[in-house]
Amino acid sequence: MIDNMNELRSFIIVAQTNSFTKAAARLGVSTSALSHSMRKLEEQLKIKLFNRTTRSVSTTEAGEQLFKQLFPLFESIEDNINALSTFRNTLNGTLRINGADHAFMYAIWDKLLVFMQKYPEVKLELTSDMKFTDIVAGRFDAGIRLGKEVDQDMIAVRISDDMQMALMATPHYLEQHGIPQSINELTQHECICVRMPTSEGIFLWEFLNTETKEVIKFMPSGKLTVNNNFLAKQACLSHLGLALMPKDRMINELATGKVVELLANQAIHYDGYHLYYPSRRQHSPLFKAFVDILKVT
């Protein structure tokens, strides 16, 4: 018999974070106290739950099995408790969302503000990540990515308009190097390359053939390679070359003339962002309220 159910909750947090330090910070206890609590739980169960090294913590096979059994139960308990808050016309709880910085900052930020104002007792934890993240393994409530194609056990809800891409450069750069009039002429220019964190390959530029409506792929090349669009934008504004990125990242700079859009008639757009999440989450009143505010109607 478990003496303290809080030890099981602590176990879930450690299993989620794979770190005593991170879990202790989330729980508001010391690392040593949490480690002692987990050893006590292992003694009570007479099972080793964690593999510990000086650098990392991971669940054993038994620990992972216990986590998979307990996590939905604790999540269901939390959802049921949160559902009671509807009797006082509010919701509370915590939502952990993973997505690209562009999605948070440019596509849904205003909606997030509406949600937080409407439900002031809810805590949101936003994790910005360029690489593709397994939200189940990462213990997130939901993820955000372009397009609606998701795993079979996931639900996808559209939360933004299409993402319009734009090729841009500063007037100063164009004065020095000329204005490209076609995709082929891009080989004569400095292109600011972005290395993708998941594949570690260079982000392939895509344009639209105005006649056939087919996608034209172009591999950019230049002296500078970065790993995110913040640096790509800064490099572009520093007159270092051409940059291809979502147009709304440079909307103010385009309006003031700090940058110029190039080959605009061949610009491509991608399907908008979708919120995707496990089907079991749709029964949570808190999560349903979140989806209702984010979704495109």
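Here the sequence shown is numbered in the numbering used here, starting from 327 and rising by one per residue. Quick reminder that beta carbons are idealized off the backbone N, C-alpha and C, glycines included.
Beta-carbon proximity of residue i to residue j, cut-off 8 angstroms
{"i": "residue 600", "j": "residue 484", "result": "yes"}
{"i": "residue 508", "j": "residue 433", "result": "no"}
{"i": "residue 518", "j": "residue 598", "result": "no"}
{"i": "residue 439", "j": "residue 450", "result": "no"}
{"i": "residue 427", "j": "residue 402", "result": "no"}
{"i": "residue 338", "j": "residue 375", "result": "no"}
{"i": "residue 588", "j": "residue 493", "result": "yes"}
{"i": "residue 355", "j": "residue 383", "result": "no"}
Cβ distance (whole Å) where residue i is taken to contact residue j below 8 angstroms
{"i": "residue 612", "j": "residue 462", "result": "About 19 angstroms separates the two Cβ atoms, so there is no contact after all."}
{"i": "residue 491", "j": "residue 609", "result": "Between residue 609 and residue 491 the Cβ distance is about 37 angstroms, and since that is not below 8 angstroms, they are no contact."}
{"i": "residue 496", "j": "residue 584", "result": "7 angstroms"}
{"i": "residue 489", "j": "residue 572", "result": "5 angstroms"}
First through last residue of the alpha helix (DSSP H) which encompasses residue i
{"i": "residue 515", "result": "Neither: residue 515 is in no alpha helix (DSSP H) and is coded neither H nor E."}
{"i": "residue 499", "result": "497 to 503"}
{"i": "residue 440", "result": "435 to 444"}
{"i": "residue 578", "result": "577 to 582"}
Exposure label - residue i; buried when at least 16 CB within 10 Å
{"i": "residue 467", "result": "buried"}
{"i": "residue 541", "result": "exposed"}
{"i": "residue 359", "result": "exposed"}
{"i": "residue 431", "result": "exposed"}
{"i": "residue 581", "result": "exposed"}
{"i": "residue 516", "result": "buried"}
{"i": "residue 622", "result": "exposed"}
{"i": "residue 624", "result": "What the structure shows of the chain is the stretch from 327 to 623, and residue 624 is not part of that stretch, so it cannot be assessed."}
{"i": "residue 546", "result": "buried"}
{"i": "residue 470", "result": "buried"}
{"i": "residue 531", "result": "buried"}
{"i": "residue 543", "result": "exposed"}
{"i": "residue 555", "result": "buried"}
{"i": "residue 378", "result": "exposed"}
{"i": "residue 442", "result": "exposed"}
Boundaries of the beta strand (DSSP E) in which residue i is found, first to last residue
{"i": "residue 588", "result": "586 to 588"}
{"i": "residue 604", "result": "599 to 604"}
{"i": "residue 483", "result": "480 to 484"}
{"i": "residue 619", "result": "Where residue 619 is concerned, there is no enclosing beta strand (DSSP E), although the alpha helix (DSSP H) it sits in stretches over 611 to 620."}
{"i": "residue 572", "result": "569 to 572"}
Ranges of the beta strand (DSSP E) found wholly within the segment 336 to 396, counting only runs of at least 3: Correct list: 376 to 378 and 383 to 385.
Beta strand (DSSP E) runs wholly inside the segment 524 to 554, at least 3 long, in chain order: Taking only runs of at least 3 residues, the beta strand (DSSP E) segments lying wholly in the segment 524 to 554 are 531 to 534 and 541 to 544.
3 or more residues per run - each beta strand (DSSP E) lying fully within the segment 450 to 476: Runs found: 468 to 472.
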